[in-house]
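These notes concern the structure reproduced below.
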Amino acid sequence: NSPCWILMHMVTHPSHRGKGAAGLLIRWGVEQAEKDQVPAYLEAGVMGRPIYKRYGFVQIGDLLEVDLKEF
């Protein structure tokens with residue numbers, strides 16, 4: 001339970017994709033973590049991973065999920 005920043009629900013409207021909006025959001029989150037001198041974490045789907053890797057994030061694990069409606 002160490003202090004950290006968790007970047008969550010970062011999405012851009014389709015009309016703003018490819019214009020740098022996601023990069024601004026990511027950089028802002030990373031800058032906040034740097035100011036606080038703590039790590040930043042996020043969860044990313046397969047489609048989102050490349051952009052996060054461009055900003056220095058590395059994959060440290062995988063998550064599995066279950067559709068609880070099946071039970």
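The sequence shown begins at 1 in the UniProt record's numbering and counts up by one. Virtual Cβ for every residue (Gly too), placed ideally from N, Cα, C. Keep in mind it's a predicted model, so treat the numbers as computed, not measured.
DSSP three-state assignment for residue i, whether helix, strand or coil
{"i": "I60", "result": "coil"}
{"i": "E65", "result": "coil"}
{"i": "R17", "result": "coil"}
Contact under 7 Å by Cβ, residue i with residue j
{"i": "Y55", "j": "A44", "result": "no"}
{"i": "A33", "j": "A22", "result": "no"}
{"i": "L64", "j": "G29", "result": "no"}
{"i": "Q46", "j": "P3", "result": "This sequence places Val at residue 46; Gln is not what is there. For V46 and P3, no; Cβs fall outside 7 Å."}
DSSP bridge partner residues for residue i (one or two, in chain order)
{"i": "I6", "result": "Y41"}
Through-space distance from residue j to residue i, alpha-carbon basis
{"i": "P50", "j": "Q59", "result": "10 Å"}
{"i": "H9", "j": "R17", "result": "15 Å"}
{"i": "H13", "j": "F71", "result": "34 Å"}
{"i": "residue 73", "j": "L68", "result": "For residue 73 there is no data in the structure shown, the boundaries of the chain being 1 and 71."}
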